[in-house]
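> Here's a structure for you.
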Amino acid sequence: MKAARFDLVRPRDLAEALDLLAAPAGVVKVMAGGQSLGPMLNLRLVEPDLIVDISAVPDLRRFEREGGTIVIGAGCTHADLEDGRAPDVGRDMLARVASGIAYRAVRNRGTVGGSLAHADPAADWPTALLALGAEIELASKVGRRRLPLGEFLTGALSTALAPGELIVAVRVAAASASAGFGYVKHARKVGEFAHALGAAVIDPEAGAGHAVVGALDRAPIVFEDAGVLFGGRVGPDARSFDRTVADAALKAAGVENEASRHVHVEILRRALVQAFERAPAPARAAA
Amino acid sequence: MRGRGQYVADVRLPGMQDVAFVRSPLAHARIRGISVPPELRDRVFIASDLDGVKPIRAVSGLAGFKPSEQPPLARDKVRQVGELVAMCVAPTRAEAEDIAALVELDLEELPAVYDMRRARDEKASLVHEEWGDNVFLETLVDVDIASAFDAPIKVSRTISTARQCMAPIEGRGVVVHLDRRLDQLTVTTSCQMPHIVRSGLSECLGIAEERIRVVSPDVGGGFGYKGILLAEEVCLGWLALRCGHPVRWIEDRREHLTANADCREHHYEITVYAERDGTIRGVDCEAIVDSGAYSAYPFSACLEAAQVASILPGPYDFPAYRCRTWSVATNKPPILPYRGVARTGVCFAMELALDAVAAEAGVTPEQVRLKNLVRPDQMPFDNITNKHFDSGDYPEALTRALRMIDVDGVRARQAAGEPDGRRIGFGLSIYCEQSAHGTSVYSGWGIPMVPGHEQAGARLTPDGGLELRIGAHSHGQSLETTLPQVANEILGIPTDRIRLVHGDTAMTPYSTGAWGSRMMVMTGGAVATACEELVERAMAIGAHLLQADVSDVRFEMGRVVGPNGDVALSEIARVWYRRPQDLPLGAHGGGLEVTAGYKPKRDSGTFSYAAHAVVVAVDSEIGSIEILDYVIVEDGGVLVNPMVVDGQILGGLAQGIGTALLEEMPYDQAGQPLASTLGDYLLPGAAEVPAPRIGHMETPSPYTRFGVKGIGEGGAIAPPAALANAVNDALRPLGVEMLVSPVTPDRIVAAVLAARSSTLQRRDAA
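In the order they appear, the protein sequences are chains E and F. Be aware that the first sequence starts at -15, since it is given in the numbering used here, and climbs by one per residue. Be aware that the second sequence starts at 2, since it is given in the numbering used here, and climbs by one per residue.
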């Protein structure tokens, strides 16, 4: 199928983009890399009157360090992170996630901001960035605001983006030196959207961490304190992982199918194991 | 891959307009009305507009077959989601789709027949009311099955293969224009059987065949889908006549997946009777094939199921057999012949059942097979369904495969266990592939197409090159390479001076086309025959030029050699075309252009075969499968080009892995297809296809030119069975047996959990 007729504008700076979004005549869609929106247009699942192509807005392509925080422009592509053009949160945490997204052709165009705005539960960034405690920076003609990612993602394909608002950046605090990041994706083939996603940041030294289960029919489940998955506190390794706690959370989140829950729990467990294993060696030696 | 191919979608004609179809959103409904905005009435065409256009009818001569009539645009009723209802034409496809969106259908929904196992229920809705039931054809073969009933081992299994889509990289597509100079409807279409498409178009459009020219340009994969006459082709043929300007329809992936390219959906209830050592006493089977809503032209709706009955015994020799089959009509797209046709399904059923026999008998899967395979000393061999095996050493293929994969090493690794907890599994499957079967086989089916002699044209050019003309089509199988090799073998002309002309009914001899793995046997044989006739003509001229008697000259390496010298073919060509004054008196007026026909000495088909052996690692907790090693030992008779054969096997293997592990077109109870994009319909990619190790055997066919056999489909036949057997081997200790393709992570995890909970229940009970 071919897309229905629409108008396309390609603003050159953020102010122009926000102006266009502020006073729309009809339905407006923002396009960054177009890797999800493109197929949706062709399938006529969306028929906007206007598409604002933000790929030429330089403000959205920056990445920088602000003290202990990494700021990633919303227009930063997966490949930018995969290739290390953007600073990483800690060693290769973001690069690992990025390198597993779809195929290289998609990664060359698809953007972090686009992925978060689309909020597909099976996409990588919502789950991975929740585990990393990311914050979303939003801008509109009225002003700017920041939201924790958990508040931004309100459900499957739904976010707290207000009309006229654009994601401009993702802010992630650099990981503590003793933390390990675990990220496990379960898909039937390379490049496919995930059927199960587990992400965890574990600091065995501090006995703290959090964990996320993604690829559900809703926004990811966040365990702010991963200790609940280990009988109360984060231990020295993943051996005390309590499947029943994760299973109960999935049940409560409406995952009816037992086999699905089994896989989600197992993928979470593996992400946790990986996080422990990837925590820097001195921490583990001490433990 | 240089991006220089020319496919249907690359064809640009002045004034060409695009077509988008309004398709049925429902699987089964009566059409109460179609409303077209009045201002668009000259852009939208519905069934009542198509004066004189006849429905597509693909009958079978098999007793009891009920023909279906598929109107190119639906008339009273729609019988599948995606059925064509209206045709919209506009300067671009997007605009045609805009128009299509404005056409409103008033449909009265009827219950959908969505499950072939329930299609024969008394209360089932009727796809074709006039039939009284939903059965295209029922067949029964019974060879003394009762004699097997007292066997000590009886293993019964319910086995099924999912409905799939063929998914060539290029879908279908057609550009039609009326050539006013020749008064000819020129149909450029992505197809593998251009002459058959022409016959079908002629029948449906009521136009004489000579007024239709079918051109098939580069084809990006056929696999059977492009052997079918599509309703879209009929519609566009009519439209080009009506509009006067060129019209085009290019199938998009959604149309391909949801409406057009379905295949493979089989269901088996199979029982194998065996001795305690695994020797098969008999096989008893009931098989259903979900044939979909219509009988597709030209292969008909019964090709799959009726073949199931005749080929289920595969490469095995046993004394008793019964097979009952039903081709049932459902509210789904017609099931079409896909690479391997029925063989992939029967191989899956038979090979899984044999592994179950091995487990029951307490012997290895290889022992069961070695006990029952046809032996080389039996060749040529007529099996229990009268299939005539021309040659081969099946046990040797298996033995070599076992050696190549180091089955003892695999078993040792399996017993030792993996450090990461995954389970190792070993799987085998063996098949035979009847290919290039001809008149004697197909006349019995009574379908619109029966292959006879295959023809090829060979023409020397004035400067000593060669043009080969074939009516079949090369759609990716490298005939542009292999047929010149055949001609070179006879004529000695370097292959870079040999051009293959194909894919155009106006320029090639009639052929049923590229199907049934028949090209190397049939077209290769025809090319050889035509070239040999050219040699005779050249010898007569050459002898004259050498001032020798024809009986004193011979043909060698592209030269006519006489007692006192020799003359090159290129010189002979120069004389024939440019210096006829030098020709002998009474030279053959046909000159250096020949069209010759060929049939093998026996046309019951060649039997190529292969043993596939695979090692997998299965993660039982998440259901993932990694292929660790894959070995294929194949015998395709004499190989014209081993690299091309390897390519065929690799491509087939990739498709077989798709069938085994990924590809599934599910339908819901309303008959709605649930995979409408390649995000839902998963195809194997580079990462999912291992590099197999291939061993070749070459047992010549006694019946064909050069001893070649057809091998085009084999790669896609065995992988699903080998992989499922390997997964089952890995999971057998857990009490899990997977009997449905594709073997997906979800199915594995569900089966593992079910087995665990039943073990727990047994423990509780004890």
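All C-beta atoms in this analysis are idealised placements derived from N, C-alpha and C, irrespective of residue type, glycine included.
Report the three-state DSSP secondary structure of residue 260 of chain E (helix, strand or coil).
Taking the first sequence and counting its residues from 1, the one referred to as residue 260 of chain E is at position 276. Residue state, collapsed to three classes: helix.
> Starting from residue 424 of chain F, follow its DSSP beta bridges and name the residues at the other end.
Locating residue 424 of chain F in the second sequence gives position 423, counting from the first residue. Beta-bridge pairing links residue 424 of chain F to F/619.
> Who are the Cβ neighbours of residue 389 of chain F in its own chain at under 7 Å, not counting the five residues just before and after it?
The sequence position of residue 389 of chain F within the second sequence is 388, counting from 1. Counting only Cβ-Cβ distances below 7 Å, and skipping sequence neighbours, we find 381, 383 and 605.
> Span of the beta strand (DSSP E) holding residue 64 of chain E?
Residue numbering aside, residue 64 of chain E sits at position 80 when the first sequence is read from its first letter. First-last for residue 64 of chain E: 62 to 66, but that is the alpha helix (DSSP H), not the beta strand (DSSP E).
> I'd like the span of the alpha helix (DSSP H) that includes residue 419 of chain F, first residue to last.
Against the second sequence, residue 419 of chain F aligns to sequence position 418. Where residue 419 of chain F is concerned, there is no enclosing alpha helix (DSSP H), given that its DSSP letter is neither H nor E.
> If distances are taken between C-alpha atoms only, which option among F/164, F/235 and F/327 comes closest to residue 258 of chain F?
Walking along the second sequence from the start, residue 258 of chain F turns up at place 257. Ranking F/164, F/235 and F/327 by Cα distance to residue 258 of chain F puts F/164 first.
> Could you list which residues in chain E have their beta carbon closer than 8 Å to that of residue 754 of chain F, in chain order?
By 1-based counting over the second sequence, the position of residue 754 of chain F is 753. Simply 242, 243 and 246.
> Is the beta carbon of residue 739 of chain F sitting closer than 9 Å to the one on residue 752 of chain F?
Position 738 of the second sequence, counted from the first residue, corresponds to residue 739 of chain F. Position 751 of the second sequence, counted from the first residue, corresponds to residue 752 of chain F. Taking 9 Å as the Cβ cut-off, residue 739 of chain F and residue 752 of chain F qualify as a contacting pair.
> When we look at the beta-carbon of residue 730 of chain F and count the other beta-carbons within 10 Å, is it buried (16 or more) or exposed?
Residue numbering aside, residue 730 of chain F sits at position 729 when the second sequence is read from its first letter. Under this definition residue 730 of chain F is a buried residue.
> Tell me which residue opens and which closes the alpha helix (DSSP H) that residue 109 of chain E is part of.
Position 125 of the first sequence, counted from the first residue, corresponds to residue 109 of chain E. Looking at the DSSP string, the run of the alpha helix (DSSP H) that includes residue 109 of chain E is 108 to 115.
> Whole angstroms is fine: what's the gap from residue 615 of chain F's alpha carbon to residue 178 of chain F's?
The residue given as residue 615 of chain F occupies position 614 in the second sequence. The residue given as residue 178 of chain F occupies position 177 in the second sequence. Roughly 50 Å separates the two Cα atoms.
> Just grab the DSSP bridge partners of residue 598 of chain F for me.
As a position in the second sequence, residue 598 of chain F is number 597, starting the count at 1. In the DSSP output, where bridge partners are listed per residue, residue 598 of chain F has F/456.
> Rounded to whole angstroms, what is the Cα-Cα separation between residue 364 of chain F and residue 280 of chain F?
In the second sequence, the residue the question calls residue 364 of chain F occupies position 363. In the second sequence, the residue the question calls residue 280 of chain F occupies position 279. Approximately 11 Å, taken between the alpha carbons.
> Checking 9 Å against the spacing of the C-beta atoms, do residue 504 of chain F and residue 545 of chain F come in under that value?
Residue mapping note: residue 504 of chain F aligns to position 503 of the second sequence, counting from 1. Residue mapping note: residue 545 of chain F aligns to position 544 of the second sequence, counting from 1. No, they are not a contact pair.
> So if I threshold CB-CB distances at 8 Å, which residues from the segment 252 to 273 of chain F count as touching chain E?
Hits within the stretch, in order: 253 and 255.
> Within 10 angstroms of its Cβ, does residue 34 of chain F collect 16 or more other Cβ (buried), or is it exposed?
Along the second sequence, one-based indexing puts residue 34 of chain F at 33. Exposed, by the Cβ-count rule.
> Which residues of chain E have a Cβ atom closer than 8 Å to the Cβ of residue 11 of chain F, listed in chain order?
As a first step, residue 11 of chain F must be located in the second sequence, where it is residue number 10. Under the 8 Å cutoff, chain E gives no residues; its nearest Cβ is about 17 Å from residue 11 of chain F.
> Count Cβ pairs between the segment 219 to 235 of chain E and the segment 145 to 154 of chain E that sit closer than 8 Å; are there 3 or more?
No, the segment 219 to 235 of chain E does not touch the segment 145 to 154 of chain E.
> Would a check of beta-carbon distances place residue 174 of chain E closer than 9 Å to chain F?
The residue you call residue 174 of chain E lines up with position 190 of the first sequence. Interface residue, yes.
> Let me see if you follow: with CB-CB separation under 9 Å, is residue 622 of chain F close to chain E or not?
As a first step, residue 622 of chain F must be located in the second sequence, where it is residue number 621. Yes - at least one Cβ of chain E is within 9 Å of the one on residue 622 of chain F.
> Nearest chain E C-beta to residue 94 of chain F closer than 9 Å, yes or no?
Here the question's residue 94 of chain F lines up with position 93 in the second sequence. Closer than 9 Å to some Cβ of chain E, the Cβ of residue 94 of chain F qualifies, so yes.
> Using alpha carbons as the reference points, say which of E/70, E/200, E/186 and E/176 lies closest to residue 47 of chain E.
Counted from its first residue, the first sequence places residue 47 of chain E at position 63. Nearest of E/70, E/200, E/186 and E/176 to residue 47 of chain E, Cα basis: E/70.
> Please report how far the alpha carbon of residue 603 of chain F lies from the alpha carbon of residue 242 of chain F, in whole angstroms.
Here residue 603 of chain F corresponds to residue number 602 of the second sequence, with the count starting at 1. Here residue 242 of chain F corresponds to residue number 241 of the second sequence, with the count starting at 1. Distance between the alpha carbons of residue 603 of chain F and residue 242 of chain F is about 44 Å.
> Measure from the alpha carbon of residue 160 of chain F to the alpha carbon of each residue in F/57, F/356, F/45 and F/607, then state which is nearest.
Locating residue 160 of chain F in the second sequence gives position 159, where the first residue counts as 1. Comparing Cα positions, the closest option is F/356.
> Where are the alpha helix (DSSP H) runs, 4 residues long or more, that stay fully inside the segment 637 to 677 of chain F, in chain order?
Here the runs fully enclosed are 643 to 658.
> With a 10 Å radius around its C-beta and 16 neighbouring C-beta atoms as the bar for buried, classify residue 418 of chain F as buried or exposed.
Taking the second sequence and counting its residues from 1, one reaches residue 418 of chain F at position 417. Exposed, because fewer than 16 other Cβ atoms sit within 10 Å of the Cβ of residue 418 of chain F.
> May I have the straight-line CA-CA distance separating residue 483 of chain F from residue 189 of chain F, to the nearest angstrom?
What you label residue 483 of chain F is simply residue 482 of the second sequence in a count that begins at 1. What you label residue 189 of chain F is simply residue 188 of the second sequence in a count that begins at 1. C-alpha separation (whole angstroms): 25 Å.
> Using CA coordinates, which residue listed in F/107, F/714, F/533 and F/264 is at the minimum distance from residue 667 of chain F?
Locating residue 667 of chain F in the second sequence gives position 666, counting from the first residue. Residue 667 of chain F has its Cα closest to that of F/264, out of F/107, F/714, F/533 and F/264.
> Along chain E, which residues have their Cβ under 9 Å away from the Cβ of residue 123 of chain F?
Taking the second sequence and counting its residues from 1, the one referred to as residue 123 of chain F is at position 122. What residue 123 of chain F touches in chain E: nothing, since even the nearest Cβ is about 33 Å away.
> So, does the CB of residue 769 of chain F fall closer than 9 Å to a CB anywhere in chain E?
No statement about residue 769 of chain F is possible, as the shown extent of chain F runs from 2 to 767 and does not include it.
> Can you give the Cα-Cα distance for residue 171 of chain E and residue 178 of chain E, rounded to whole angstroms?
Counted from its first residue, the first sequence places residue 171 of chain E at position 187. Counted from its first residue, the first sequence places residue 178 of chain E at position 194. In a straight line, the C-alpha of residue 171 of chain E is about 5 Å away from that of residue 178 of chain E.
> For residue 767 of chain F, is the classification buried or exposed, using 16 other Cβ atoms within 10 angstroms of its Cβ as the cut-off for buried?
One-based indexing of the second sequence puts residue 767 of chain F at position 766. Result: exposed.
> Starting from the N-terminal side, write out each stretch of the alpha helix (DSSP H) that is 4 residues or longer and does not extend beyond the segment 32 to 85 of chain E.
Whole alpha helix (DSSP H) segments, 4+ residues: 62 to 66 and 77 to 83.
> Could you work out which residue in F/612, F/168 and F/345 is closest to residue 631 of chain F when comparing CA atoms only?
Walking along the second sequence from the start, residue 631 of chain F turns up at place 630. Of the candidates F/612, F/168 and F/345, the one whose C-alpha sits nearest the C-alpha of residue 631 of chain F is F/612.
> Would you call residue 251 of chain E buried or exposed, if buried means 16 or more other Cβ atoms sit within 10 Å of its Cβ?
Position 267 of the first sequence, counted from the first residue, corresponds to residue 251 of chain E. When all chains shown are included, residue 251 of chain E counts as buried.
> Taking Cβ-Cβ distances shorter than 8 Å, what residues in chain E pair up with residue 685 of chain F?
The residue given as residue 685 of chain F occupies position 684 in the second sequence. Within chain E, the residues near residue 685 of chain F are 173.
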